[in-house]
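**Q** Please see the structure below; I have some questions.
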Amino acid sequence: MDINPMKIPALDDAMFARGLVSAGMSEPLERFRAKLEKREPVVYAAIGGSITAGALASDGERTSYAARFAAWLDERAPCTFINAGLGATTSLFGAFRAQQDMLCREPDIITIEFAVNDSINPDVAASYEALVRQCVDSPKKPLVILIFNPRRDGTNHQNEHIPVGRHYALPMLSFRDAIYPEIAAGKLRWEAISPDEVHPNDDGHAFIAALLERFVGSVSAPTGEAELPDLLNPGAAKYLGGKVLHAPQMEVVGNDGWTQFTHERGYVGWESERPGACLKVKLTGGTLLIGYVKYAGDYGMADVRIGGDTVCRLDGFYEKPEIQKWAGGHTVPVVLCDEAPGSSRVVEITVANERHAQSGGHRFQISYFLTAQ
């Protein structure tokens with residue numbers, strides 16, 4: 157049989173066996189299948205980064221893996237689809253926003269995809285568990301499936317995610333493990349599944365959807381349903397009750413030169429292009445994080461101070477890989493302090509005079525603050 161290295165092969169038994177990291181426990185799967193068989197309405201929520209959102213799919217609302225899987229479910233039972241994918245974000249931000257972006261809709265099935273984006277997560281294991289635990293413990297005790305996608309070089313963060321999945325006895329599907337051996341063996345070129353460093357094309361999305369469809373449609377899982385276990389990572393506790401603060405919710409005590417801007421899913425942040433512009437915000441919480449935009453183009457730097465002391469300098473310029481046609485970047489979460497619960501402090505952000513040598517400007521954007529405990 158001729159092999160075309162520029163055409164992704166159909167999912168076969170060997171690929172699926174490699175990609176099925178774990179089948180989880182049977183009870184959530186059988187409970188969900190029973191709803192499909194009775195054609196009872198189901199709610200499917202997908203949370204992840206830009207891959208889940210459908211970046212570089214020809215039509216994110218139809219040809220992304222999540223949209224394809226939702227359509228497959230809808231053929232079997234009326235399906236309400238919630239795409240909570242948000243580009244350039246991590247499971248840490250996912251843990252803070254899960255409730256308002258999807259869990260409030262009480263899904264019956266959830267997929268979680270952050271194996272690529274968690275490269276910029278400062279606390280992967282704890283925040284990923286906080287997200288997973290909230291999903292597993294949501295009202296309908298849904299079927300939760302973890303998905304692991306790769307970068308061009310075959311790397312991802314599934315080795316940090318898998319222990320969490322095993323701890324909660326969840327099904328796990330690895331696009332990387334299913335397809336990357338074909339690339340490593342020279343049978344398939346990366347360009348057959350992605351036009352850049354990470355984002356699948358339509359064929360790549362179709363393959364991920366096929367993994368999900370085959371799992372839900374035919375896999376037998378070990379009998380039983382795991383009880384909600386104790387935390388695997390004690391540090392996850394502080395993220396379970398965390399809050400996302402976007403601009404309208406912040407207690408601003410000083411503002412010289414910053415204006416509000418709206419980004420994805422209606423979140424509102426702060427931005428400025430003037431060196432010396434200063435924003436002062438009063439925040440309460442033992443753990444405080446800032447999410448700032450790191451983007452190719454005219455992005456500059458900002459200095460962060462708490463109580464008059466300099467905490468860090470943030471560089472908003474993103475040096476994109478040459479192969480990456482998309483000139484974007486990420487919203488990077490940075491821990492500003494991790495102290496006693498309930499502490500209040502004023503955080504001061506000032507646009508710096510300095511900038512990256514390749515940057516043409518000083519634009520700086522704050523997407524959100526995260527507060528916990």
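With the working numbering, the residue at position 250 of the sequence shown is 406, and numbering never jumps. Note that beta-carbon positions come from the ideal geometry of N, C-alpha and C, so glycine has one too. Treat the numbers as computed from the prediction; the structure is a model and nothing was measured.
1) In the DSSP assignment, find the beta strand (DSSP E) that holds Phe-304 and state where it starts and stops.
2) Between the Cα of Thr-311 and those of Tyr-524, Trp-346, Gln-529, spot the shortest distance and give me the residue it belongs to.
3) Which residues mark the beginning and the end of the beta strand (DSSP E) in which Glu-269 is found?
4) Which of the three DSSP states, helix, strand or coil, is assigned to Met-598?
5) Could you check the C-alpha separation between Gly-453 and Glu-353 for me, to the nearest Å?
6) Measure from the alpha carbon of Phe-237 to the alpha carbon of each residue in Ser-374, Lys-296, Trp-228, Gly-243, then state which is nearest.
7) How is Thr-208 classed by DSSP in three states: helix, strand or coil?
8) Identify, in the order they occur along the chain, each residue of the same chain with its Cβ nearer than 6 Å to the Cβ of Arg-253, setting aside the five sequence neighbours on each side.
9) Could you give the DSSP three-state label for Asn-315: helix, strand or coil?
10) Buried or exposed for Met-162, please, with buried defined as at least 16 other CB atoms from any protein chain shown within 10 angstroms of its CB.
11) With DSSP as the reference, identify every bridge partner of Tyr-336, one or two as the case may be.
12) Of the residues Ile-522, Arg-461, Met-457, which one's Cα is nearest the Cα of Gln-514?
13) Nearest CA to the CA of Gly-398: which residue from Ala-179, Val-280, Gly-216, Ala-251?
14) In the DSSP assignment, the alpha helix (DSSP H) including Cys-291 goes from what residue to what residue?
15) Do Ala-166 and the ligand GDP come close, with the Cβ less than 7 Å from some heavy atom?
16) In angstroms with no decimal places, state the Cα-to-Cα distance between Ile-266 and Thr-245.
17) Can you look up Arg-501 in the DSSP assignment and give me helix, strand or coil?
18) Beta strand (DSSP E) containing Met-457: first to last residue?
19) What's the C-alpha gap between Leu-329 and Leu-176?
20) If I follow the unbroken alpha helix (DSSP H) through Trp-426, where does it start and stop?
21) Express the C-alpha separation of Glu-186 and Ala-201 in angstroms, rounding to a whole number.
22) Is the beta carbon of His-361 sitting closer than 8 Å to the one on Ala-226?
23) In angstroms, rounded to a whole number, what distance separates the CA positions of Gly-321 and Asp-386?
24) Between the beta-carbon of Leu-439 and the beta-carbon of Pro-489, is there less than 8 Å?
25) Indicate whether Lys-151 and Gly-472 have their beta-carbon atoms separated by less than 8 Å.
26) Look at the alpha carbon of Ile-303 and the alpha carbon of Asp-264, and state the distance between them as a whole number of angstroms.
27) What are the boundary residues of the alpha helix (DSSP H) that includes Val-372?
28) Classify Leu-259 as helix, strand or coil using the three-state DSSP reduction.
29) From Arg-218, Ile-203, Pro-197, Glu-407, pick the residue whose C-alpha is nearest to that of Ala-233; which is it?
30) Quick check: what's the CA-CA separation for Arg-218 versus Gly-210?
31) Among Asp-412, Ala-166, Ala-170, Arg-421, whose alpha-carbon lies nearest the alpha-carbon of Lys-436?
32) Can you tell me where the beta strand (DSSP E) holding Ser-178 begins and where it ends?
33) Can you give the Cα-Cα distance for Gly-204 and Phe-249, rounded to whole angstroms?
**A** With the structure as the only source:
1) From DSSP, the beta strand (DSSP E) with Phe-304 extends over 299-304.
2) Comparing alpha-carbon positions, the option among Tyr-524, Trp-346, Gln-529 lying closest to Thr-311 turns out to be Trp-346.
3) Start and end: 265-269.
4) Missing from the structure shown is residue 598; the chain here goes from 157 to 529 and no further.
5) A straight-line Cα-Cα distance of about 19 Å links Gly-453 and Glu-353.
6) Nearest to Phe-237 by C-alpha distance, out of Ser-374, Lys-296, Trp-228, Gly-243, is Trp-228.
7) DSSP places Thr-208 within a helical segment (H, G or I) once states are collapsed to three.
8) Within the same chain, Arg-253 has close Cβ partners Val-400.
9) DSSP, reduced to helix, strand and coil, places Asn-315 within a helical segment of the structure shown.
10) Under this definition Met-162 is an exposed residue.
11) The partner list for Tyr-336 (beta bridge, DSSP) is empty, contrary to what the question assumes.
12) Considering only Ile-522, Arg-461, Met-457, the residue with the shortest C-alpha distance to Gln-514 is Met-457.
13) For Gly-398, the nearest C-alpha among the options comes from Ala-251.
14) Looking at the DSSP string, the run of the alpha helix (DSSP H) that includes Cys-291 is 280-292.
15) For the structure depicted, the ligand GDP is absent and the ligand set is empty, with no information on it obtainable.
16) Their Cα atoms are separated by approximately 18 Å.
17) Secondary structure at Arg-501: strand, using DSSP grouped into helix, strand and coil.
18) Start and end: 457-462.
19) Near 5 Å, if we compare the C-alpha coordinates of Leu-176 and Leu-329.
20) No alpha helix (DSSP H) contains Trp-426, which is instead part of the beta strand (DSSP E) from 424-428.
21) Roughly 18 Å separates the two Cα atoms.
22) Taking C-beta atoms as the reference points, His-361 and Ala-226 fail to come closer than 8 Å.
23) For Gly-321 and Asp-386, the gap between their C-alpha atoms comes out near 13 Å.
24) Contact flag unset, no.
25) A query on residue 151 cannot be resolved here, the shown segment of the chain reaching from 157 to 529 and no further.
26) A direct Cα-to-Cα measurement between Ile-303 and Asp-264 gives close to 17 Å.
27) Looking at the DSSP string, the run of the alpha helix (DSSP H) that includes Val-372 is 358-374.
28) In the three-state reduction of the DSSP assignment, Leu-259 falls in the helix class.
29) Considering only alpha carbons, the answer is Pro-197.
30) Arg-218 and Gly-210 have their C-alpha atoms spaced approximately 9 Å apart.
31) Checked all of Asp-412, Ala-166, Ala-170, Arg-421; the closest Cα to Lys-436 is Asp-412.
32) Run containing Ser-178: 176-179, per the beta strand (DSSP E) assignment.
33) Roughly 10 Å between the two C-alpha positions.
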